[in-house]
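To start, the structure under review is shown below, and the notes come after it.
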Amino acid sequence: MGLLDILLGRTKPVQPDLDQLFALPSAAVTLEAAAGFTPTGRGAVCFATVEGEAFEQTHREVQALLDADADRAGSPVELLRDDFGYSWLVSRRTPDDLPQLVNDLHAVNTSMEVNGFGPQLLCSLAGFERGSDGRPLALVYLYKRGTFYPFAPLPGGQRRDSALELQMKGVLADDLRVEQDLGRWFPLWGAPGL
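Letter by letter, the sequence shown follows residues 828 to 1021 of my numbering.
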């Protein structure tokens, strides 16, 4: 970055750091101790919808890679499309197998990136819920920012618990690289995996 970039306020884009996903298991311990949230065993990778044989081949590669895991029942990754036109590769594990779920999310992101679909990657999420009241919470990884944010939808429509999200931001500050720009904490209404 040169002097002209500094003067004009241009910055280099943050490079994705998929290894940040491996911080989720330690963050899960913090979430459980501080707020009673435990993993659900569900997670997903979201990307702009891609059509064509190249993507189908990538999807088959991801299936084959994750099929090698004998502990999983059924299909390792399910491809879904949401109401907003985005595609989701959803992984399901047992709730106590968060490290393997993180491996799944990392493998899906890496496969998409290696096969040229990195620009279409939007985010990944891992689902949590509070045992006392069943409240959902997602830890969302923004691919293009290399940061996380909490998303806490409320039941009964498109509302979110902003106070809980800010509380979780403080709780997770030592475990995850938390997105500081609250304008980038996008709601993921009806997200598969949540």
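Glycine included, every Cβ here is placed at the ideal spot set by N, Cα and C.
Can you name, in chain order, every residue of its own chain whose Cβ lies under 6 Å from the Cβ of residue i, other than the five neighbours on each side?
i: residue 869; result: 919, 954 and 1020
i: residue 991; result: 979
i: residue 957; result: 863 and 864
i: residue 873; result: 913, 915, 949 and 950
Ignore the nearest five residues each way along the sequence and tell me which others in residue i's own chain have a CB closer than 7 Å to its CB.
i: residue 897; result: Confidence at residue 897 is low in this model, with a pLDDT of 45, below 50, so its placement is unreliable and the value that follows should be read with caution. Nothing listed; no residue qualifies.
i: residue 847; result: 968, 973 and 1004
i: residue 850; result: 1002 and 1003
i: residue 885; result: 938, 939, 942 and 944
i: residue 959; result: 863
i: residue 854; result: 966, 999, 1002 and 1003
i: residue 845; result: 933, 936 and 937
Under 8 Å by Cβ, that's how I've got residue i and residue j pegged, so tell me the actual separation to the nearest angstrom.
i: residue 942; j: residue 875; result: Actually they are not in contact, since the Cβ atoms of residue 942 and residue 875 sit about 14 Å apart, beyond 8 Å.
i: residue 852; j: residue 963; result: In fact, because the Cβ distance is near 19 Å, the residues do not count as touching under 8 Å.
i: residue 915; j: residue 871; result: 5 Å
i: residue 1012; j: residue 976; result: 4 Å
i: residue 970; j: residue 843; result: 5 Å
i: residue 909; j: residue 1018; result: 7 Å
Given a cut-off of 8 Å, decide if residue j and residue i are closer than it, judged by their beta-carbon atoms.
i: residue 928; j: residue 917; result: no
i: residue 1014; j: residue 985; result: yes
i: residue 938; j: residue 904; result: no
i: residue 944; j: residue 998; result: no
Tell me which same chain residues have a C-beta within less than 8 Å of the C-beta of residue i, skipping the five on either side of it?
i: residue 987; result: 978, 979, 980, 981 and 1014
i: residue 922; result: 865, 866, 867 and 868
With a threshold of 7 Å (Cβ to nearest heavy atom), would residue i be considered close to the ligand FMN?
i: residue 916; result: For the ligand FMN, the structure offers nothing, since it holds no ligand at all.
Chain D beta carbons: is any one of them nearer than 8 Å to that of residue i?
i: residue 906; result: Note that chain D does not occur in the displayed structure, where there is just one protein chain.
Handout entry: At least three beta-carbon pairs within less than 8 Å, the stretch 942–950 to the stretch 924–933
Key = no
Problem - Ordered list of alpha helix (DSSP H) runs contained in the stretch 911–967, each at least 4 residues - result: 925–939
Exercise for the section: Evaluate contact between the stretch 849–858 and the stretch 996–1011, counting only Cβ atoms and requiring at least three cross-stretch pairs below 8 Å. Expected result: yes
Exercise for the section: May I have a chain-ordered list of the alpha helix (DSSP H) segments no shorter than 4 residues that lie completely inside the stretch 858–907? Expected result: 880–894
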